[in-house]
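What follows is a single structure, written as structure tokens, with notes after it.
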Amino acid sequence: MSGLKLSNDQPIQIQSDQLEIKDQEKKAYFTGNVNVVQGTTTLKAGKMTVQYKEKANGDGGAASISSGNADIDKIFLDDTVFLSSGTQQATAEAGQFDMASQTFVLTGKQVVLSDGPNVFKGCKLTVQMASGQAKLDSCGGRVEIMLDPKSRPKQ
Numbered sequence: 001m002s003g004l005k006l007s008n009d010q011p012i013q014i015q016s017d018q019l020e021i022k023d024q025e026k027k028a029y030f031t032g033n034v035n036v037v038q039g040t041t042t043l044k045a046g047k048m049t050v051q052y053k054e055k056a057n058g059d060g061g062a063a064s065i066s067s068g069n070a071d072i073d074k075i076f077l078d079d080t081v082f083l084s085s086g087t088q089q090a091t092a093e094a095g096q097f098d099m100a101s102q103t104f105v106l107t108g109k110q111v112v113l114s115d116g117p118n119v120f121k122g123c124k125l126t127v128q129m130a131s132g133q134a135k136l137d138s139c140g141g142r143v144e145i146m147l148d149p150k151s152r153p154k155q
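By the UniProt record's numbering, the letter at position 10 of the sequence shown is numbered 10, and the numbering carries on one by one without gaps.
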């Protein structure tokens, strides 16, 4: 998952059917057909909660996502999650992204990760954004992998 990147220093576009901002809680609730695009990364979900904090270089004023004086701290995704970046795609029931640790976790009865024709299935996918390292946990049994030898880079 080396292509997946989300950061506080790049523009992010978020669309949804409804948005509710609760500055006292430092949360923004997006519901209905949520679509997030940043660079080559796309996230889709039924619901998304963004937890934010005051910008590191802020002026000491109250953190507000609508005024631009806030950084995204964590993102919580629910109601069928789809993630796409380059040739990589993942689907799950829920997801959580932590900006500080640059960690993305997808969970569900079946989490499916595909990279081109190669498919990986389990119940929990943890991706370290900085390194691109990914870990797939099983649903109590074993993880499932289907590799296509034709997808191997030519030497």
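Built from N, CA and C at the ideal position, the CB exists for glycine as well. All figures in this text were calculated on a predicted structure; none of them were measured in a lab.
For a test of the three-state rule: what should DSSP assign to K150, helix, strand or coil?
Three-state result, K150: helix.
Work out the CA separation of D115 and I145 for me, nearest whole Å.
When the Cα atoms are used, I145 and D115 turn out to be separated by approximately 11 Å.
Per-residue DSSP class, three states only, for K47
Under the three-state reduction of DSSP, K47 is assigned to strand.
What does DSSP give as the partner residues of N118 in its beta bridges?
D115.
For Q13, collect the residues of the same chain with a Cβ closer than 6 Å to its Cβ; drop the 5 residues on either side in sequence, then sort them by chain order.
Excluding positions up to five away in sequence, the list reads V37.
Please determine, among K135, A134, E20, the residue with the shortest C-alpha to C-alpha distance to T31.
Of the candidates K135, A134, E20, E20 places its Cα closest to the Cα of T31.
Let me check understanding here. Comparing Cα to Cα, which of A70, L106, K53, D71 lies closest to L77?
It is L106.
Distance, Cα to Cα, V34 vs K135?
In a straight line, the C-alpha of V34 is about 26 Å away from that of K135.
Report the rounded CA-to-CA distance for Q89 versus L125, giving the unit in angstroms.
Cα-Cα distance, rounded: 12 Å.
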